[in-house]
Amino acid sequence: MFVSVLLLWICLCFLLLQFKSQRPKNFPPGPLALPFLGNALNLSLENPLKYFESLRRTYGNIYSLYLGPRAVVVVSGTQALKEALVNKGVDFAGRPQDVYINALVEEKGVALADYGQKWKEHRRFALMTMKNFGLGKQSMEQRILGELQHTINKLEKNTGKSLSAQVMFHNIASNVICLVLFGKRFEYDDEFIIKFVKNFTENFKILNGPWSFLYDCFPCIRCLPLPFKEGFKRMQTLKSMTYSIINEHKKTRFPGQPQDLVDCYLDEMDKRINDGTSFSTEELLMSCLNLHSAGTDTTSNTLLTGFLYLMTKPHIQERCQQEIDRVLEGKDCVTFDDRHNMPYVQAVVHESQRVADTVPLSVFHATTRDTELMGYSIPKGTMVIPNLSSALNEEGQWKFPHEFNPENFLNHKGEFVKPDAFLPFSAGPRVCLGEGLARMELFLIMVTLLRRFKFIWPEDAGEPDYELVFGITVTPKPYNMKLELRTTQ
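In this text, residue positions in the sequence shown follow the working numbering: the first is 6, and each later residue adds one.
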């Protein structure tokens, strides 16, 4: 009996050592991983950031771990992130394809496509299209301000009442991106958009849960009838709904006179019809789904965070309103250019983004070739997780790294400054495609609402809870807000 136990123990130790030795030569260090499971048992799906931070303290800003049998490199800290994403941006510009989220989108769409000619073409097209549609100019401003007027009309009828902040900000962000993509907005009780958002929400739950993790780590279970199969059914529903909008555009558009991104894409398909193009209805469909989900959640969650602090720190809200009143005196509405005269509001908007930390682990990258990072060797095809959260809270990079304080973005003269560690949109070739739109939305929405209303933490709401809920995007816990009409505007 003793000999059998001893042999079993020796075999187990041998397997552990064998698994540990799978790290290639000069690969980033990391914790001992179990056979088959890797480090899965240590990884909290509710909030992996705590585990990542403990590994960072032990192994430094570049370390590795195993998700099942897959080796993953985690990059933390401003310096290491800039080195990987900017200085060696092409080397780290890939996307891991053999994962659940890419299976859902069928490896299509501008946000999740792997690095290559198809991605470059679609990225270039999307950037040019958004620029031509006035991103940063008056036409985009008018779309955002026009949508805000619908919200203001509703809010004016509900002053003094307790309202869901989550629903309000989600509706605004969703309609702005719908205007960019489809040239139309939806009424907030429209059955189409309610169904559309519900399917996205349910898929996000799977993507953030254990079934997505198991799908990524253990390919052998993918054929089984497990809950991750539901995600594919919902994706088919989303595809069908989006195709109906695209098909309507095909019937009603005037070629050469585009009104939105879908029209522009269809025009581009016409131009490339005989050149073996990668442009197709399927790619358009998935790009629309990519952009809608990314453009809605990140913006609405940042606004949720910002207004949570504006209500619970009323001195910050009041100082914003004083600056807004002074700069906009005699003007009907704000413009994006007004930000240059509002350093404090700019600081509050950026501090909201920093503290919101909406995509703390970015979208996972992959190396496009064998490369090196700060002395370590990383083979081609390695999954890379950029820990953006580590830069947004890094000691030494911020005056107040662990609290909401606009002084993080103001110098001693009260002028707006943006530290190098401000990386909420990532950086390099894969920097967020919608950064310009998001920056404009956040500024115009916050200024317009603060100019018109005073936002109040409800008396019966208890103590505010600032803890964030980890997911595909990070969000504050749901809360309600009260508001009053301001007399000074």
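Ideal Cβ placement from N, Cα and C applies to all residues, glycine included.
All of these numbers come straight from a predicted model, not from anything done at the bench.
Counting C-beta atoms within 10 angstroms of its own C-beta, Ser217 has 16 or more neighbours from the protein chains shown and is therefore classed as buried. In the structure shown, the three-state DSSP call for His175 is helix. Unbroken beta strand (DSSP E) stretches of 3 residues or longer found wholly inside the segment 64 to 113: 67 to 72, 75 to 81, given in chain order. Secondary structure at Ala371: strand, using DSSP grouped into helix, strand and coil.
Inclusion of Ser305 and Ala178 in the CB contact set at 8 Å is warranted, their separation being smaller than that value. Distance from the CA of Leu86 to the CA of Leu393, rounded to the nearest whole angstrom, comes to 8 Å.
Membership of Val115 in any beta strand (DSSP E) is not indicated, and neither H nor E is assigned to it by DSSP.
For Glu192, there is no enclosing alpha helix (DSSP H), as DSSP gives it neither H nor E.
Sixteen is the threshold: since fewer than 16 other Cβ atoms of the shown chains lie within 10 Å of the Cβ of Met133, the residue is exposed. In this structure, the alpha-carbon of Glu356 lies about 16 Å from that of Glu323. Assigned with DSSP and collapsed to three states, Lys210 falls in helix. Using a Cβ-Cβ distance cut-off of 8 Å, the segment 257 to 271 and the segment 214 to 228 are not in contact, since fewer than three pairs of beta carbons, one from each stretch, lie closer than that value. Bridge partners of Thr303 according to DSSP: none are assigned.
Judged by pairs of C-beta atoms under 8 Å, the segment 323 to 340 does not touch the segment 266 to 282, as fewer than three such pairs exist. Ile321 has its alpha-carbon roughly 17 Å from the corresponding atom of Asn416. Scanning Leu160, Gly165, Thr164 for the CA closest to the CA of Met173 turns up Leu160. The way I'd put it, the segment 87 to 96 doesn't touch the segment 35 to 53; fewer than three beta-carbon pairs between them come closer than 8 Å.
One alpha carbon belongs to Thr376, the other to Phe97, and they sit about 9 Å apart.
Sequence-distant partners of Ala426 (beyond 5 residues in either direction) whose C-beta falls short of 8 Å from its own C-beta, in its chain, are Thr83, Ala396, Leu397, Glu399, Gln402, Trp403. Thr492 and Glu146 have their alpha carbons spaced roughly 25 Å apart. Minimum Cα-Cα distance from Glu334 among the listed residues Arg456, Leu42, Ser292 corresponds to Arg456. In its chain, beyond the 5 residues on either side, Ile321, Gln322, Cys325, Val353, Leu455, Phe460 have a beta carbon closer than 8 Å to the beta carbon of Leu315. Linking Val368 to Lys203 through their CA atoms gives a straight-line distance of about 22 Å.
Of the candidates Leu290, Phe409, Pro34, Pro34 places its Cα closest to the Cα of Val77.
Excluding the 5 residues flanking it on each side, Thr286 has same chain C-beta neighbours closer than 7 Å at Ile251, in chain order. Across the structure, Gln102 and Thr372 are spaced so that their CA atoms are roughly 12 Å apart.
Per the coordinates, the alpha-carbon of Phe312 lies some 28 Å from the alpha-carbon of Phe197. Per DSSP, the unbroken beta strand (DSSP E) holding Phe458 starts and ends at 458 to 461. In the three-state reduction of the DSSP assignment, Ile157 falls in the helix class. In this structure Thr363 is in contact with Val479, their Cβ atoms being roughly 5 Å apart against a cut-off of 8 Å. Glu253 counts as exposed, since fewer than 16 other beta carbons sit within 10 angstroms of its beta carbon.
Lys136: member of the alpha helix (DSSP H) spanning 122 to 137, first to last residue. Taking a C-beta distance under 8 Å as the contact criterion, Phe187 and Asp272 do not qualify as a contact pair.
In this structure, Val110 keeps its C-beta atom at 8 Å or more from the C-beta atom of Met388. According to the DSSP assignment, Lys487 belongs to no alpha helix (DSSP H) but to the beta strand (DSSP E) extending over 485 to 490.
Distance check between Asn180 and each of Lys166, Leu153, Ala432, Ser169 places Leu153 closest, using alpha-carbon atoms only.
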